[in-house]
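Engineer:
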Amino acid sequence: MSAKNLGSTGRRSSTWLGDGGKAGFIARHHLRQEGLSSRQFDGRPVIGIANTWSELTPCNIHLRGLAEGARRGIQQAGGTALEFPVLSIGEPFMRPTSMLYRNLMAMELEELCRANPLDAVVVLTGCDKTTPAALMALASVDLPSIVLTGGPMLNGRFRGRTVGSGTDVWKMSESLRSGEISQADFTEFESALNRSAGHCMTMGTASTMASITEAIGMQLPNAAALPAVDSRRLVLAEDTGARAVELAVEGLRPSAIMTREALENAILVNAACGGSTNAILHLLAIAGRLGIGLTLDDIDAITSRIPLLVDLMPSGAFLMEDFAYAGGVPALLHELSAVIHGDAMTVTGRTLAENIVPFRNDDSAVIRPLSNPVQPAGSGTAVLRGNLAPDGAVIKVSAADPALLTHLGPALVFDSLEEYLAVMGDPELDVTADTVLVVRGCGPKGYPGMPEVGNLPLPQRLLDAGVTDLVRISDARMSGTAFGACVLHVAPESAAGGPLALVRTGDMVCLDVPNRRLDMLVDLAELARRRAGLPPSAPPADRGWTRLYTEHVLQADRGVDLDFLVGASGDRPARSPF
Ligand code: FES
C-alpha cells in the first residue's frame, strides 16, 4: 500500500500544505520555486532529511551521498523529501571544545523539526557529538524519526600494521616525544591513518554512539558498524528513507522507542563494547530529555555486571571494520540476548529481539561470547564517589593499568590545563610514578565546555623513566579513543565550587576503584578553612552562546545538558500566524 493511500487526515504537514486558502498557498508556492510538482502536495508524507554534512566536519563529508540515498527511499515509499542543514560539530576543529556545541545542535534540530511542515525526519550524523545531539533533539520534539550514522572509516594501515583513530595517535605522539620515532615517521603515519570517508574507527565516542543508537532502537539493524564507504551503506540510507515514510504513517514516535528499557540496552551495549566514557554523559542527557530518572549509580550497577565482549581498540585489538564483518551490533546483541530487554520497540516497528533474528556472530575472536570475554565483568566504566567527587566521577577500568586501580599517592595540582602543559616537559618536575596528577578548571562551566583533555600527557620526566601510566584526576572528559588511569567528569567541577577546588599539592589522594571511592585524606576542619579562602568564582562570559551555556549548564551527573532544555516540548509549534 502506498503511503498516500493510507490517508493524510490529521497529518502534521497538511496543516501547512493542505489548506486551500492563503496559508496553504503561501506554503505551497514557495515549494514550487524548488521545482516541486502538484504531486508533492497530494497528501503524501513530508519527510525531512536533517544533514550534518560539512567540510568542517570531515567525518561527515560523505553524508550528501547518504542524503541522496535516503531521498530515493522516501520517494520510492511515496513521500516527499526535503533536506535541510543542521549545525555540524567537527570534533577535530571546534574550539574551545566541540562539547560546548552539542546542546546548541540539539536545540537547533529540535526547533527546526517543530517549526517546519514535517511528518517525520531522517537525521544523518557521524562525528562524535552529532549523534547524541540528534538523539537529545528527537527525544524532546518526539516527531517520528530515524537516525542514520555515517559509518566508520576503513581500518588505518601503517607499515604493515593496522592502526586506529586516536588510540594510535596518542601512542605515536608519546613515541615521538620519547624519541622512538622521527618527525618524518609521524608525518607518514598521519596520511596512513584516515584513508577513507567515515568517523573514527576505534570504539571511540562516534562508534560508541552509533552502536548505542542501534541498541536504543533509533537506527536500522546493522547500521552502526558497516564502513562508511561500503556500498551497502547506501542501501541502508535508502531503507532508512523508506522506513521514515512508514513511521510518519504509523505515528511511531521516539518516546515509544527510547524507553527506560532501551536506555538500559544501550548501557549494556556500551559496557560490552568497551565504549566511550562520553556515552555516560550523553545517555544521562538523553534520559533527562525523556523524563527517565537514570542516574550514574544505575549505569554503574548495569555496567559492573557486563564483561567486555568486543575486542576493539582502545580496550582491545581490532577496529570497526572487523566488528562489521563479524556481524556488528546485531551479532553482539545475540551474545547479550540473555541480559538485554529483547522486547524493546525499535524504529523498524519490531522489537530488538525480532530485529536480530537474521544476523549471527561470524567472528568470535572479534565479538566474544559471554563465556569467553575479552575482560571480565566490571571492566567497563566505573562510577566513583568520595570527598573529591560527592556527585560522582568515572574511570574506564579497561583502559587503565590494573595496578593503579587501587592507589594512594601525593597530589600534584594544577589550576588549569595550560598551567600543567607549561611544565610537563620540565625534567626537574617534582613527580614520581606514585604521583596523582590533578588538573582542574576543565569542567562544563570552568573551561567552558568540558574538553577531552582528561588523558593528560605524562610528564616528560616519567616518560624518560619508562613510566606508561599514571593516576590522573580532572573535571574534564577524555576521548573515547584514549586510555590510561584517568578519573574524569568529577562533579561538582571546581568552577562550580566542587571539592576538587580544595585539593592541594602534597595532599594524599586515595583511588579505590573496587570500592568505588575517590578521596583526599584531608580532615574536615582543614577543608572548611580552604573553602573559606577560595577566590570568588570567575565572572561568566560577556555575551552570546558561551554566556547562555555557562549560566545554564548542568554538571556531569546530569549529562551536561542546559537546565532549560531538560524534558520535552513535543512537535506542536506554539502558535501559527495563519
Ligand atoms: Fe570525528 Fe573522531 S574526529 S569521530
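For reference, each letter of the sequence shown is one residue, going 15 to 592 in the numbering used here.
By construction, the Cβ of each residue, glycine as well, lies at the ideal position given by its N, Cα and C atoms.
Can you look up residue 214 in the DSSP assignment and give me helix, strand or coil?
Structural biologist: Three-state DSSP puts residue 214 in coil, outside helix and strand.
Engineer: My understanding is that residue 431 touches residue 467, with C-beta atoms under 8 Å, so please give their C-beta distance in whole angstroms.
Structural biologist: At roughly 5 Å, the Cβ-Cβ gap stays under 8 Å, so residue 431 and residue 467 are in contact.
Engineer: In the DSSP assignment, find the unbroken beta strand (DSSP E) run with residue 65 in it and report its ends.
Structural biologist: Per DSSP, residue 65 belongs to the beta strand (DSSP E) from 60 to 65.
Engineer: Tell me whether residue 142 counts as near the ligand FES, meaning its Cβ is closer than 7 Å to at least one heavy atom of that ligand.
Structural biologist: Yes, since a heavy atom of the ligand FES falls inside the 7 Å radius drawn around the Cβ of residue 142.
Engineer: Quick test of your reading: residue 318 and residue 391, contact by CB under 8 Å. State the CB separation rounded to the nearest angstrom.
Structural biologist: Going by Cβ atoms, the distance from residue 318 to residue 391 rounds to 7 Å, so yes, they are a contact pair.
Engineer: What residue does the alpha helix (DSSP H) around residue 335 start on, and which one ends it?
Structural biologist: 334 to 340 is the span of the alpha helix (DSSP H), which, as asked, contains residue 335.
Engineer: Select from 41, 25, 512, 221 the residue whose C-alpha is nearest the C-alpha of residue 592.
Structural biologist: Residue 41 is the option with its Cα nearest to residue 592.
Engineer: Counting only runs of 4+ residues fully inside the stretch 24 to 104, write out the alpha helix (DSSP H) ranges in chain order.
Structural biologist: Those alpha helix (DSSP H) runs which fall completely within the stretch 24 to 104 and span 4+ residues are 28 to 31, 36 to 46, 77 to 90.
Engineer: Does the Cβ of residue 213 lie closer than 7 Å to at least one heavy atom of the ligand FES?
Structural biologist: Within the cutoff, so yes.
Engineer: What I want to know is whether the C-beta of residue 287 ends up closer than 7 Å to one or more non-hydrogen atoms of the ligand FES.
Structural biologist: Checking every heavy atom of the ligand FES against the Cβ of residue 287, none is found closer than 7 Å.
Engineer: Pull up the distance between the alpha-carbon of residue 227 and that of residue 74, whole angstroms please.
Structural biologist: In a straight line, the C-alpha of residue 227 is about 17 Å away from that of residue 74.
Engineer: For residue 561, collect the residues of the same chain with a Cβ closer than 6 Å to its Cβ; drop the 5 residues on either side in sequence, then sort them by chain order.
Structural biologist: Only 554, 555 meet the Cβ criterion.
Engineer: Can you find a heavy atom of the ligand MG that lies under 7 Å from the Cβ of residue 220?
Structural biologist: Ligands displayed in this structure: the ligand FES; the ligand MG is not among them.
Engineer: So within the stretch 132 to 172, which uninterrupted beta strand (DSSP E) runs reach at least 3 residues, ignoring any that extend past its ends?
Structural biologist: 134 to 139, 159 to 163, 170 to 172, all fully within the stretch 132 to 172.
Engineer: Just the C-alpha distance for residue 7 and residue 271, rounded to the nearest angstrom, thanks.
Structural biologist: For the chain, the structure presents residues 15 to 592; residue 7 sits outside this window and is missing.
Engineer: Enumerate in chain order the residues of its own chain whose CB-to-CB distance from residue 582 is below 8 Å, with the five nearest sequence positions on each side excluded.
Structural biologist: Closer than 8 Å at the Cβ level, and outside the excluded window around residue 582, lie 153, 154, 155, 156, 269, 303, 304, 305.
Engineer: Inspect the beta-carbon positions of residue 279 and residue 230 and report whether they are closer than 8 Å.
Structural biologist: Cβ atoms of residue 279 and residue 230: closer than 8 Å.
Engineer: Starting from residue 424, trace the beta strand (DSSP E) both ways and give me its first and last residue.
Structural biologist: Note, residue 424: beta strand (DSSP E), 420 to 428.
Engineer: Does DSSP put residue 524 in a helix, in a strand, or in coil?
Structural biologist: Reduced to three states, the DSSP call for residue 524 is strand.
Engineer: When DSSP builds the beta bridges, which residues end up paired with residue 485?
Structural biologist: 450.
Engineer: Out of 150, 533, 55, 180, which one is the CA nearest neighbour of residue 127?
Structural biologist: For residue 127, the nearest C-alpha among the options comes from 150.
Engineer: Leaving out five residues on either side along the sequence, give the residues of the same chain with a beta carbon under 8 Å from the beta carbon of residue 69.
Structural biologist: So the qualifying residues of the chain are 75.
Engineer: Using the Cα positions of residue 105 and residue 209, report the straight-line distance between them to the nearest angstrom.
Structural biologist: Near 17 Å, if we compare the C-alpha coordinates of residue 209 and residue 105.
Engineer: Tell me which residues share the same chain as residue 16 and place their Cβ nearer than 6 Å to its Cβ, disregarding the 5 neighbours each side in the sequence.
Structural biologist: For residue 16, the pLDDT reaches just 40, beneath the cut-off of 50, and the residue's location in the model is therefore unreliable, although a value from the coordinates is still provided. Answer for residue 16: 92, listed in chain order.
Engineer: Any chance the stretch 490 to 509 sits against the stretch 392 to 407, with 3 or more Cβ pairs inside 8 Å?
Structural biologist: Segments in contact, yes.
Engineer: What span of residues does the beta strand (DSSP E) with residue 405 cover, start to end?
Structural biologist: From DSSP, the beta strand (DSSP E) with residue 405 extends over 403 to 410.
Engineer: Can you check whether the C-beta of residue 129 is within less than 8 Å of a C-beta belonging to chain D?
Structural biologist: The structure shown contains no chain D; it is built from a single protein chain.
Engineer: Excluding the 5 residues preceding and the 5 following residue 307 in the sequence, name in chain order all residues of the same chain whose CB lies nearer than 8 Å to its CB.
Structural biologist: 301.
Engineer: Nearest to residue 372 by alpha carbon, out of 394, 588, 236?
Structural biologist: It is 236.
Engineer: Could you compute how far the alpha carbon of residue 238 sits from the alpha carbon of residue 578?
Structural biologist: For residue 238 and residue 578, the distance between alpha carbons rounds to 31 Å.
Engineer: Tell me the DSSP secondary structure of residue 233 in three-state form.
Structural biologist: Residue 233 falls in the coil class under three-state DSSP.
Engineer: Who are the near neighbours of residue 22 in its chain, counting only those whose CB is closer than 6 Å to its CB and skipping five residues on each side?
Structural biologist: With a pLDDT of 49 at residue 22, under the threshold of 50, the modelled position of that residue is not reliable, and the figure given next carries that caveat. Closer than 6 Å at Cβ, skipping near neighbours: 28, 57.
Engineer: Could you tell me whether the stretch 355 to 368 touches the stretch 481 to 498, where touching means 3 or more Cβ pairs closer than 8 Å?
Structural biologist: They do not touch, by the three-pair rule.
Engineer: Tell me the residue span of the beta strand (DSSP E) that contains residue 544.
Structural biologist: Where residue 544 is concerned, there is no enclosing beta strand (DSSP E), although the alpha helix (DSSP H) it sits in stretches over 538 to 546.
Engineer: Within its chain, find whatever has a CB closer than 7 Å to the CB of residue 55; leave out the 5 residues flanking it on each side and keep chain order.
Structural biologist: So the qualifying residues of the chain are 31, 42.
Engineer: Going by DSSP, which residues form a beta bridge with residue 397?
Structural biologist: Answer is 408.
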